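Notes follow the structure.
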Amino acid sequence: MKLSARNVLKGKVKSIVTGMVNSEIVIELPGGVEMTSIITKTSAENLKLKEGSEVYAIVKASNVIIGTD
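Spelled out as structure tokens, the structure:
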């Protein structure tokens, strides 16, 4: 797999919440850090995602917003 994204994080699916159209996928990264992604239900089915599946979280963003109180 070749990608232009520089941030490719390997982890395991911790949980999946499936709705009518979308699925919320929680990925546990090394060290226990969690990342959540919302993808279409069809995409989750096509990827055959299930708890414990090894996956990659691929992040490609042109901006990172930082806030303070």
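Residue numbering for the sequence shown follows the UniProt record's numbering, starting at 1 and increasing by one per position.
We treat Cβ as the ideally placed atom computed from N, Cα and C, and that holds for glycine.
Please read these numbers as outputs of a predicted model, since none were measured by experiment.
Distance check for residue 46 and residue 21, CA to CA, integer angstroms please.
It is roughly 14 Å from the alpha-carbon of residue 21 to the alpha-carbon of residue 46.
Where does residue 40 fall in DSSP's three states?
In this structure, DSSP gives residue 40 an extended state, which the three-state scheme calls strand.
Simplified DSSP state of residue 22, which is helix, strand or coil
DSSP places residue 22 in strand when its eight states are reduced to three.
Answer yes or no: do residue 19 and residue 55 have a C-beta to C-beta separation smaller than 8 Å?
In this structure, residue 19 sits away from residue 55, with a CB-CB distance that is not shorter than 8 Å.
Go through its chain and collect everything with a Cβ distance to residue 53's Cβ below 6 Å, but skip five positions before and after it.
Answer for residue 53: 13, listed in chain order.
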